[in-house]
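Residues are numbered in the numbering used here as their position in the sequence shown, beginning at 1, plus a constant of 1201. Beta carbons are placed, not taken as given, at the ideal position from N, Cα and C, and that holds for glycine. Structure first, then comments.
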Amino acid sequence: MSIFMQTLLFMLAVMFGGVLVLIIKQKTNLKFLLSFSGGFLLTIIFTHILPEAYKEIETTGFFILLGFFLQLVLEYFSKGAEHGHTHTNGSAIKVHFPLAVFISLSIHAFVEAIPINHASHHAHGLYWGVFVHKIPVAVALKIILDASGVSKRMSWTYLALFGIMAPLGLFFGDWLVHNFEISFGWLLATAIGMFFHVATTIIFESSEGHKINLYKLLAILAGFGIGIWIG
């Protein structure tokens, strides 16, 4: 797939997430979407990306831990928007534009896209993992933006800016590989750590009391199935 098509699909995924906010009125439906995304991400991690990362470098495990920690730091600022936490109740986000949330989500999107086109024969699975992940994140970000009091026009503008972060990561990855002798193994492993934190948190926090009901279990299994099929 050309980088132009990858960029277009990333942008469409983010915009589709924004449109879903207008369609999805019940929070329960968003949780089903998040459950599917969590199952899909875990499948991509364990069946496609993780085996590839361990072939690249011996210190893969350390960089996975680094990615996990990086995601913890980003979530300190984003308040968990990567896995569907909107925190729009009470006084969490009401008036001011949530700049820290926007920046942390943008960094997350940029970093996870850098190794996509340099993950050997598993690049296909990594790309679709990031693609599917973009939709629920865009849903959460749009909800936060709407609740923060920004205008509808600015809300869509910020969502579009978020949408270009993954394509920028793609281009940055290509720039690195064309200008420097660099192994993408450590970047791939870092992305795995970020993915793993997000995916597991999605699965456990998409249900009240950390309990999985039948419908969410089916959504997770659907994510498993699609992830295996795409690979």
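Have a look at LEU1243 and VAL1333 and give me their C-alpha separation to the nearest angstrom. 12 Å
State yes or no: is the C-beta of GLN1272 within less than 8 Å of the C-beta of GLY1394? yes
Beta-carbon proximity of GLY1219 to LYS1343, cut-off 8 Å: yes
Is the CB-CB distance between ALA1392 and GLU1313 below 8 Å? yes
Applying the 10 Å Cβ sphere with the 16-neighbour rule, what's the burial state of SER1203? exposed
Proximity to SER1305 [Cα-Cα], best of PHE1233, ASP1375 and MET1366: MET1366
Can HIS1398 be considered in contact with the ligand ATP, in the sense that its beta carbon sits closer than 7 Å to one or more heavy atoms? Absence of the ligand ATP from the depicted structure is noted, as is the absence of any ligand whatsoever, leaving it without description.
Let's test the definition: count the other Cβ atoms within 10 Å of the Cβ of ASN1318 and tell me whether it reaches 16, buried, or not, exposed. buried
According to DSSP, is GLY1364 helix, strand or coil? helix
Euclidean distance between Cα positions of PHE1363 and ALA1310: 8 Å
What is the rounded straight-line gap between the Cα of ILE1250 and the Cα of LEU1389? 8 Å
Determine the burial state of THR1358: buried for a count of at least 16 other Cβ atoms within 10 Å of its Cβ, exposed for fewer. exposed
In three-state DSSP terms, what is MET1212? helix
Hey, quick one: how far does the alpha helix (DSSP H) through ILE1304 stretch, first residue to last? 1300-1314
Between which residues of its own chain and ILE1421 is the CB-CB distance below 8 Å, once the five residues before and five after are set aside? SER1236, PHE1237, GLY1239, GLY1240, ILE1404 and ILE1413
Between the Cα of ILE1428 and the Cα atoms of TYR1255, LEU1234 and GLY1330, which residue gives the shortest distance? Looking at the sequence provided, one finds Gly at residue 1428 rather than Ile. Closest by alpha carbon: GLY1330.
Would you mind working out which of PHE1396, LYS1256, ASN1380 and PRO1337 sits nearest PHE1270, comparing C-alpha positions? PHE1396
With DSSP run on the structure shown, which of helix, strand or coil describes MET1202? coil
Assign THR1402 to buried or exposed, taking buried as 16 or more other Cβ atoms, counted over all protein chains shown, within 10 Å of its Cβ. buried
Confirm, please, whether the CB-CB distance from ALA1400 to ILE1246 is below 8 Å. yes
Sorted by chain position, which residues of the same chain lie with C-beta nearer than 8 Å to VAL1340's C-beta, five sequence neighbours on each side aside? GLY1218, GLY1219, LEU1221, VAL1222, ILE1225, LEU1231, LEU1234 and GLY1285
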